[in-house]
Amino acid sequence: MERRNSLIDILKLGLSFLIVALHVFPVSGLKGIPGLISYEIANGITRIGVPTFFIISGYFLRNKINDKAYLIKYAKRILILFLVWQLIYLLSLIQPYKLGQLSTFDLILYLIHGYWHLWYLQATFCAVFMLYFLRMQSESKKIIIALLLFFGGYVYQLAYKTNLLNDVPALKFLYEVIGTSRNFIFMGYPFLVLGTLYEYWRKAATKISFLFVPFLLLLFSEVYLYYTLKIGALDFNIAILPLSLLLFSIVVEKQSSLNWNINSTISLGIYLCHPYAIRLVYKLLPQRTFEYIVLKYFMICLLAIIFWYVVEKINRRFSYFF
Numbered sequence: 653m654e655r656r657n658s659l660i661d662i663l664k665l666g667l668s669f670l671i672v673a674l675h676v677f678p679v680s681g682l683k684g685i686p687g688l689i690s691y692e693i694a695n696g697i698t699r700i701g702v703p704t705f706f707i708i709s710g711y712f713l714r715n716k717i718n719d720k721a722y723l724i725k726y727a728k729r730i731l732i733l734f735l736v737w738q739l740i741y742l743l744s745l746i747q748p749y750k751l752g753q754l755s756t757f758d759l760i761l762y763l764i765h766g767y768w769h770l771w772y773l774q775a776t777f778c779a780v781f782m783l784y785f786l787r788m789q790s791e792s793k794k795i796i797i798a799l800l801l802f803f804g805g806y807v808y809q810l811a812y813k814t815n816l817l818n819d820v821p822a823l824k825f826l827y828e829v830i831g832t833s834r835n836f837i838f839m840g841y842p843f844l845v846l847g848t849l850y851e852y853w854r855k856a857a858t859k860i861s862f863l864f865v866p867f868l869l870l871l872f873s874e875v876y877l878y879y880t881l882k883i884g885a886l887d888f889n890i891a892i893l894p895l896s897l898l899l900f901s902i903v904v905e906k907q908s909s910l911n912w913n914i915n916s917t918i919s920l921g922i923y924l925c926h927p928y929a930i931r932l933v934y935k936l937l938p939q940r941t942f943e944y945i946v947l948k949y950f951m952i953c954l955l956a957i958i959f960w961y962v963v964e965k966i967n968r969r970f971s972y973f974f
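Counting in this note's numbering, the sequence shown runs from 653 upward without gaps.
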């Protein structure tokens, strides 16, 4: 069990670096091969990060979904994290709001859904309640619900990005108000519940683990299609569903002698701190060529680790940050 947890911590660390890349590499503005590579990174491989994080969270909740007291305590902890980091980041929006660079409507959406990356905490909080209220459904029904929600979110997103919702203003407005289809309904709950059901799909995933690379190639092909169609940033890709499940299964089932002692808060810390690292590095290096973006990515990762280290020291005395 210790080896497994160690490998999961390593996976989480790797996922946090993928999410940093997601927020650093642009989907537009670059031409030729660099533009394609950047698009494949931002709309492709990095999109595995958040779904796999949800799966991991669900996996650790799999024996607790009937424990109402535990789930309330867990959700309360997530809510505290959300509120604390909301305060930290929203303070930086006061000046843009006063200068008229941020509308009241956008500010309200930030308050509801969370500043930029903090939607993940809000989605986790809400998804935990969905997990509890749907706990009595059979395993097969839960999987069907998860798949319907996931593909529903994918179609909804694609319809918005391709302007198909222009003829349905109500659906377009709803999409913008709920903070895109990347939320607790279409992404949080589906992957969280799949994590709780790992024992149910474990054997199947183990048997087809050899398909991980083919699915990865499928992801690159799918993203290339979106690139040729000039579709902007996408939170959903069809291939991230099997890839996230297989990646988690491969790591969990991996037999390893590694016994690395990785701080359990570092992956979450990098995730929560990296926007400030991005802001600082981009002020120092505003250049937007591909080479500079790659350089800035590594600088941002290093700076995010430093920020985490400092906040971790504070967190040992005031445990509200991680």
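In this text, a Cβ means the ideal position worked out from N, Cα and C, and glycines have one as well.
query                                                                                                                                                                   : result
Trp960 by DSSP, collapsed to three states: which one?                                                                                                                   : helix
Using the Cα positions of Phe705 and Thr832, report the straight-line distance between them to the nearest angstrom.                                                    : 19 Å
Determine the DSSP secondary structure at Thr858, reduced to helix, strand or coil.                                                                                     : helix
What does the alpha-carbon distance come out to for the pair Gly701 and Ser668?                                                                                         : 7 Å
Would DSSP call Phe973 helix, strand or coil?                                                                                                                           : coil
Of the choices Leu863, Leu932, Leu801, whose alpha-carbon is the least far from that of Phe959?                                                                         : Leu932
Measuring alpha carbon to alpha carbon, tell me which residue in Leu954, Cys925, Leu936 is nearest Tyr741.                                                              : Cys925
With a threshold of 6 Å on Cβ separation, who are the neighbours of Tyr808 within its own chain once the five nearest residues in sequence on each side are excluded?   : Ser833
Go ahead and label Pro938 buried or exposed: buried means 16 or more other beta carbons lie within 10 angstroms of its beta carbon, across all protein chains shown.    : exposed
For Tyr949, does the count of other Cβ atoms within 10 angstroms reach 16, so buried, or fall short, so exposed?                                                        : buried
What do you reckon, are the CB atoms on Tyr772 and Phe888 nearer than 9 Å?                                                                                              : no
What is the residue span of the alpha helix (DSSP H) that His765 lies within?                                                                                           : 756-765
Can you give the beta carbon distance from Leu895 to Phe867, rounded, assuming they're within the 8 Å contact cut?                                                      : 5 Å
With respect to the alpha helix (DSSP H) encompassing Thr704, which residues constitute its N-terminal and C-terminal limits?                                           : 701-713
Considering only residues of the same chain and omitting the five flanking positions on each side of Leu870, which have a CB-CB separation below 7 Å?                   : Ala891
Which residue marks the beginning of the alpha helix (DSSP H) containing Met788, and which one marks its end?                                                           : From DSSP, Met788 is part of no alpha helix (DSSP H); its letter is neither H nor E.
How many Å lie between Leu743 and Phe757 at the Cα?                                                                                                                     : 17 Å
Taking contact to mean at least 3 C-beta pairs separated by less than 8 Å, is the segment 779-786 in contact with the segment 836-845?                                  : yes
Rounding to the nearest angstrom, what Cα-Cα distance links Arg940 and Ile860 in this structure?                                                                        : 41 Å
Am I right that Tyr711 and Tyr850 are in contact with their C-beta atoms under 8 Å? What's the rounded C-beta distance?                                                 : 5 Å
Quick check for students: name the residue ranges of the alpha helix (DSSP H) that lie wholly in the segment 813-846, counting only runs of 4 or more.                  : 821-829
Does the distance from the C-beta atom of Ile952 to that of Ala929 stay below 9 Å?                                                                                      : yes
Which residue marks the beginning of the alpha helix (DSSP H) containing Phe872, and which one marks its end?                                                           : 864-880
For the candidate residues Thr917, Gly687, Pro927, Tyr944, whose alpha-carbon lies nearest to that of Leu665?                                                           : Thr917
With a CB to CB cut of under 7 Å and the five nearest residues on each side skipped, what residues in its chain are close to Asn815?                                    : none
Please specify which runs of the alpha helix (DSSP H), each continuous and at least 4 residues long, are wholly inside the segment 897-950, giving them in chain order. : 918-936
Between which residues of its own chain and Leu801 is the CB-CB distance below 7 Å, once the five residues before and five after are set aside?                         : Ile837, Phe838, Tyr841, Pro842
So, does the segment 761-771 touch the segment 732-739, judging by three or more C-beta pairs under 8 Å?                                                                : yes
Is it right to say Ala956 is buried, meaning 16 or more other beta carbons lie within 10 angstroms of its own, or is it exposed?                                        : buried
Applying the 10 Å Cβ sphere with the 16-neighbour rule, what's the burial state of Gln789?                                                                              : exposed
Taking Phe864 as the reference, give the member of Ile922, Gly752, Leu899 with the closest Cα.                                                                          : Leu899
Quick check on Phe677: does DSSP put it in helix, strand or coil?                                                                                                       : coil
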